[in-house]
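For reference, the structure is listed below as structure tokens.
Residue numbers (our numbering): 1 to 169.
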């Protein structure tokens with residue numbers, strides 16, 4: 001998403017925060033700006049990695065600056081091929097990320113959610129991070145073209161979404 005100041009939609013985040021206090025408004029504006037920066041980082045990473053199969057130092061520094069310490073942890077998950085994109089014929093799409101502890105997390109990039117404790121605490125509760133390492137790993141692996149793809153039936157996707165099973169069972 002590119003920021004277009006002439007677009008009617010570009011002012012929507014500012015309209016949505018009018019009734020909030022000054023500190024809360026600045027956090028919302030900063031969060032939306034950081035999300036725009038993050039999206040541009042993913043585009044730059046996709047372009048560069050596709051051409052060179054390498055992440056240059058300036059992009060690594062930018063990832064670390066925007067996402068903090070979870071950037072390196074997420075890159076480690078990508079390097080270990082821990083991310084799988086699961087899709088169904090109905091168009092549903094989720095990412096399954098195998099965490100360092102061996103637990104499988106089903107991440108929803110469309111609504112920016114991961115069920116891990118770090119997401120609940122650092123992203124939702126404390127508003128300290130844009131995303132956890134699992135969600136970031138899903139975004140990075142997709143941008144780098146390193147995400148394993150798996151097609152499942154709609155019935156299997158229902159089980160995945162309800163947390164009952166892994167995609168390939």
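Glycine included, every Cβ here is placed at the ideal spot set by N, Cα and C.
CB contact flag (residue i, residue j, <7 angstroms)
i           : j           : result
residue 37  : residue 66  : yes
residue 116 : residue 42  : no
residue 78  : residue 141 : yes
residue 134 : residue 107 : yes
residue 137 : residue 45  : no
residue 83  : residue 147 : yes
residue 64  : residue 74  : no
Residue environment, residue i, which counts as buried when at least 16 other CB atoms sit within 10 Å
i           : result
residue 156 : buried
residue 111 : exposed
residue 21  : Model confidence at residue 21 stands at a pLDDT of 46, short of 50, so the residue's coordinates are unreliable; what they give is reported in the following sentence. So residue 21 ends up on the exposed side.
residue 167 : buried
residue 121 : exposed
residue 162 : exposed
residue 124 : exposed
Collapsed DSSP secondary structure at residue i in the structure displayed
i          : result
residue 43 : helix
residue 55 : coil
Chain-order list of residues whose beta-carbon lies under 6 angstroms from that of residue i (same chain, five-residue window excluded)
i           : result
residue 149 : 85
residue 151 : 87
Beta-carbon proximity list for residue i, same chain, < 8 angstroms, skipping 5 on both sides
i           : result
residue 154 : 88, 89, 90, 92
residue 51  : none
residue 34  : 66, 130
residue 54  : 48
residue 158 : none
residue 104 : 96, 97, 98, 166
Close-in-space but distant-in-sequence residues of the same chain around residue i (CB under 7 angstroms, 5 per side omitted)
i          : result
residue 56 : 48
residue 60 : none
Alpha helix (DSSP H) runs contained entirely in the segment 80 to 166, provided each spans 4 or more residues
Uninterrupted alpha helix (DSSP H) stretches at least 4 residues long and entirely within the segment 80 to 166 occur at 133 to 144, 154 to 161, given in chain order.
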